[in-house]
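Asker: Numbering (numbering that gives the first Met the number 0), first residue to last: 0 to 426. By construction, the Cβ of each residue, glycine as well, lies at the ideal position given by its N, Cα and C atoms. On a predicted model such as this, the values are computed, not experimentally measured, just so you know.
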Amino acid sequence: MNKARVGQAGPGYFARPLFGLPVVVACFTGMFGNVGPLVYASFAFIISDLKSHFDWSRSSMTLSISLLTLTSAVVHPPFGRLVDRYGVRRTLIPSLLLMALILATVPLYLSEVWHLWLAFVLVAILGVGNNNLVFIRLITSWFDQRRGLMIGLIASATGVGLAVLPKITEQVVSVYGWRGGFVFYGLFIAGVTVPVMWLLVRDTPESMGLRPDGVAVSDQDTVQADVSGLTLGEAMATGGFWLLFLGVLFASFALWGITNQMGLVLIDRGFTPATAASVAVSLGLSMAAARLIIGYLLDMIHAPIVGGAIFTLTAVGFALLVYVPAVWAPYVAGALLGAGLGAETELLGYMVSRYFGLRRFGNIYGIVFVGFLLGTSGGPYLYAKSQEMLGSYDPSLKFMIGLMLLTAVLFACMGRYDRYRARFARD
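(1) Among A43, S227 and V191, whose alpha-carbon lies nearest the alpha-carbon of P379?
(2) What is the DSSP secondary structure of G228, reduced to helix, strand or coil?
(3) What's the gap between the Cα of I167 and the Cα of P324?
(4) Could you give the residue range of the alpha helix (DSSP H) that holds P194?
(5) Within its chain, find whatever has a CB closer than 6 Å to the CB of M399; leave out the 5 residues flanking it on each side and keep chain order.
(6) Just to confirm before moving on: does the CB-CB distance between G213 and F78 stay below 8 Å?
(7) Within 8 Å, do at least three Cβ pairs link the stretch 240–252 to the stretch 399–418?
(8) Relative to the C-alpha of A407, which candidate in L346, R420 and V351 has its C-alpha closest?
(9) With a threshold of 16 other CB atoms inside 10 Å of the CB of L62, please say whether the residue is buried or exposed.
(10) Near V159, which residues of its chain fall below 7 Å by C-beta distance, leaving aside the five closest residues on each side in sequence?
(11) Would you identify the three-state DSSP class for G390, choosing helix, strand or coil?
(12) If you draw a straight line from the C-alpha of R358 to the C-alpha of V74, how long is it?
(13) Let's see if you can read the secondary structure: which residues bound the alpha helix (DSSP H) around E205?
(14) Could you give the uninterrupted runs of the alpha helix (DSSP H) lying entirely in the stretch 26–62, keeping only those of 4 residues or more?
(15) DSSP three-state label for G151, please.
(16) Compare the Cα-Cα distances from G256 to each of Y39, V22, P16 and P21 and report the closest residue.
(17) When burial is assigned at 16 or more other CB atoms within 10 Å of the CB, is Q260 buried or exposed?
(18) Please report the Cβ distance between S71 and V127, rounded to the nearest whole angstrom; I am assuming they are in contact, meaning their Cβ atoms lie under 8 Å.
(19) Around the C-beta of Y382, are 16 or more other C-beta atoms found within 10 angstroms, so that it is buried, or is it exposed?
(20) Taking Cβ positions, are V82 and R146 nearer each other than 8 Å?
(21) Tell me which same chain residues have a C-beta within less than 8 Å of the C-beta of L335, skipping the five on either side of it?
(22) Which residue marks the beginning of the alpha helix (DSSP H) containing P16, and which one marks its end?
(23) Can you tell me the Cα-Cα spacing of M60 and W116, whole angstroms?
(24) Count the other CB atoms, across all protein chains shown, that sit within 10 Å of the CB of D218; report buried if there are 16 or more and exposed otherwise.
(25) Of the choices A338, Y354 and G86, whose alpha-carbon is the least far from that of A236?
(26) Opposite G213 in the DSSP bridges: which residues?
(27) Look at the alpha carbon of I300 and the alpha carbon of A289, and state the distance between them as a whole number of angstroms.
(28) Find the nearest neighbour of Q386 within the set F53, S47, V34 and R57, judged by alpha-carbon distance.
(29) Note down, in chain order, each residue of its chain lying with its Cβ closer than 6 Å to the Cβ of L102, except the 5 sequence neighbours on either side.
(30) Identify every run of the alpha helix (DSSP H) within the stretch 93–173, keeping only runs that are complete inside it and at least 4 residues long; order them along the chain.
(31) If you reduce the DSSP assignment to three classes, tell me which class Q7 lands in.
(32) Whose CA, out of L109, I45 and G294, lies closest to the CA of S155?
(33) Quick one: what does DSSP say G356 is sitting in, helix, strand or coil?
(34) What residue range does the alpha helix (DSSP H) around P324 cover?
(35) I want to check one thing, is the minimum distance from the CB of L357 to the heavy atoms of the ligand MN below 7 Å?
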């Protein structure tokens with residue numbers, strides 16, 4: 000049996016009272032405060048304050064988010080290879096520290112809009128670890144039979160983060176301005192996320208002398224991880240890979256785009272920033288609840304069916320924003336959009352592991368995650384540019400209704416989990 004390293008908790012802490020609990024807590028914390036809820040969803044409040052201090056357009060400031068995600072799309076595939084080779088712990092913690100440093104020091108030099116773009120490009124490159132890939136990779140290593148439920152559990156943390164962190168950011172910015180918002184970003188990562196990762200992250204149960212799902216082993220057993228599956232090239236040669244890639248691209252384009260701009264959409268319609276933040280709470284709580292439900296369903300119902308149903312509901316959410324002027328409509332729309340928000344990455348982690356195996360999980364996930372990042376980079380800019388050119392967000396919102404229905408069809412066409420299993424090999 001593998002022994003715990005000096006300075007690390009022994010296997011007992013990871014096996015009892017609930018198997019893998021420290022790793023689940025670490026992943027939950029990481030997903031709660033990753034770049035999506037911490038920066039992406041709350042940056043509209045910083046933009047609002049920056050607008051009062053600098054003569055910069057809304058779209059030029061939003062471009063920094065697009066640059067962050069586009070740069071992340073470039074660096075994620077090689078980072079996925081690093082995770083496969085060196086493990087999560089050795090790649091994640093340095094990345095978090097660098098991201099915290101960059102964000103906290105933005106107020107020291109920001110005087111031109113290109114300084115903002117540069118800061119977010121550096122965040123994407125050096126802070127690439129503060130994203131879904133590493134946390135989904137950890138959970139798929141530690142759990143098999145309950146994989147869907149556990150992915151759903153940690154994914155729900157992003158919804159909780161969306162409900163909490165934008166509201167905190169709005170309050171910080173209202174008191175300390177945009178400078179305080181950036182310092183808050185850095186302090187949260189360095190003071191909360193990093194210590195939890197340092198204490199609780201262990202790459203695999205095998206490294207603790209355990210097996211996935213808590214299967215007991217004796218001292219005589221040879222503990223070996225199941226790393227069977229396809230290589231990246233083999234996965235990219237399948238139709239399922241591209242259906243998943245496009246589905247994730249379209250869903251993130253529509254849903255994370257509106258998440259980034261929701262505050263501005265509602266402010267333009269006469270709501271106060273505080274009310275817009277309250278709608279974000281509705282969206283985030285719905286996201287948290289839906290991810291738990293989706294994770295539970297993934298262990299019982301074919302994932303493409305779950306995906307098709309959830310993205311159809313998000314089309315209804317966009318329709319409410321466009322066609323229903325009632326005061327309650329943004330809250331219900333936020334709840335429906337929250338139900339689908341992040342489902343693309345939850346489905347992505349689960350489906351990559353089921354269709355393509357764990358042999359090159361980080362590499363394959365990293366490439367498909369490029370679709371997610373391309374969507375999250377293009378979505379906010381399209382919303383902002385549409386508003387500037389047409390004077391309204393409505394045209395882009397109407398387009399998203401059709402895009403979400405198309406996404407539902409793409410997921411529904413994925414096929415059986417075992418369609419590529421005959422090609423699986425081991426390292």
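Answerer: Looking at the atomic coordinates:
(1) Within the sequence shown, the letter at position 380 stands for residue 379. Looking at the Cα atoms, A43 is the closest of the given residues.
(2) Here the question's residue 228 lines up with position 229 in the sequence shown. Note: G228 maps to strand in three-state DSSP.
(3) Along the sequence shown, one-based indexing puts residue 167 at 168. Along the sequence shown, one-based indexing puts residue 324 at 325. C-alpha separation (whole angstroms): 28 Å.
(4) Counting from 1 along the sequence shown, the entry for residue 194 is found at position 195. Looking at the DSSP string, the run of the alpha helix (DSSP H) that includes P194 is V193 to L199.
(5) For the purposes of this step, residue 399 is identified with residue 400 of the sequence shown, where counting begins at 1. Hits under 6 Å: A253 and F317.
(6) Along the sequence shown, read from residue 1 onward, the residue named residue 213 stands at position 214. Along the sequence shown, read from residue 1 onward, the residue named residue 78 stands at position 79. The answer is no: Cβ separation not under 8 Å.
(7) yes
(8) If you number the sequence shown from 1, residue 407 lands on position 408. Measuring from the Cα of A407, the nearest candidate turns out to be L346.
(9) Here the question's residue 62 lines up with position 63 in the sequence shown. Answer is buried; the Cβ neighbour count reaches 16.
(10) Stepping through the sequence shown from its first residue, residue 159 is reached at position 160. Once the five neighbours on either side are set aside, the close Cβ partners of V159 are F31, G283 and A287.
(11) As a first step, residue 390 is located in the sequence shown; it is residue number 391 there, counting from the start. Coil.
(12) In the sequence shown, residue 358 corresponds to position 359, counting from 1. In the sequence shown, residue 74 corresponds to position 75, counting from 1. So the two alpha carbons sit approximately 20 Å from each other.
(13) By 1-based counting over the sequence shown, the position of residue 205 is 206. Premise fails: E205 is in no alpha helix (DSSP H) and is neither H nor E.
(14) 42–52
(15) Start at 1 with the first residue of the sequence shown, and residue 151 comes out as number 152. Looking at G151 - three-state DSSP - the assignment turns out to be helix.
(16) In the sequence shown, the residue the question calls residue 256 occupies position 257. Closest option to G256, Cα to Cα, is Y39.
(17) Along the sequence shown, read from residue 1 onward, the residue named residue 260 stands at position 261. Its Cβ being crowded by 16 or more others within 10 Å, Q260 is buried.
(18) Within the sequence shown, the letter at position 72 stands for residue 71. Within the sequence shown, the letter at position 128 stands for residue 127. Yes, S71 and V127 are in contact; Cβ-Cβ is about 6 Å, under 8 Å.
(19) In the sequence shown, residue 382 corresponds to position 383, counting from 1. By the 10 Å Cβ count, Y382 comes out buried.
(20) Your numbering for residue 82 matches position 83 in the sequence shown. Your numbering for residue 146 matches position 147 in the sequence shown. No, the Cβ-Cβ distance between V82 and R146 is not below 8 Å.
(21) Position 336 of the sequence shown, counted from the first residue, corresponds to residue 335. Closer than 8 Å at the Cβ level, and outside the excluded window around L335, lie S285, L312, T313, V315, G316 and L319.
(22) Your numbering for residue 16 matches position 17 in the sequence shown. Run containing P16: none; DSSP gives neither H nor E here.
(23) Counting from 1 along the sequence shown, the entry for residue 60 is found at position 61. Counting from 1 along the sequence shown, the entry for residue 116 is found at position 117. M60 and W116: Cα-Cα distance of roughly 8 Å.
(24) Here residue 218 is taken as the residue at index 219 of the sequence shown, counted from 1. At D218, the pLDDT of 46 sits below 50, so the modelled position is not reliable; the number obtained from the coordinates is stated separately. Counting Cβ neighbours within 10 Å, D218 comes out exposed, since fewer than 16 surround it.
(25) Your numbering for residue 236 matches position 237 in the sequence shown. The candidate whose alpha carbon is nearest that of A236 is Y354.
(26) The sequence position of residue 213 within the sequence shown is 214, counting from 1. Paired residue(s): none; G213 is not in a bridge.
(27) Counted from its first residue, the sequence shown places residue 300 at position 301. Counted from its first residue, the sequence shown places residue 289 at position 290. Taking the straight line from one Cα to the other gives about 15 Å.
(28) What you label residue 386 is simply residue 387 of the sequence shown in a count that begins at 1. Considering only alpha carbons, the answer is R57.
(29) Stepping through the sequence shown from its first residue, residue 102 is reached at position 103. Same-chain partners within the cutoff: F181, Y184 and G185.
(30) 112–125 and 131–141
(31) Position 8 of the sequence shown, counted from the start, is the residue given in the question as residue 7. With a pLDDT of 47 at Q7, under the threshold of 50, the modelled position of this residue cannot be trusted; read the value that follows with caution. Coil at Q7, not helix or strand.
(32) Position 156 of the sequence shown holds residue 155. Closest option to S155, Cα to Cα, is G294.
(33) Mapped onto the sequence shown, residue 356 falls at position 357. In this structure, G356 counts as strand in the three-state DSSP scheme.
(34) Locating residue 324 in the sequence shown gives position 325, where the first residue counts as 1. Element bounds for P324: n/a, residue is neither H nor E.
(35) Ligands in the displayed structure: none, and consequently the ligand MN is not present.
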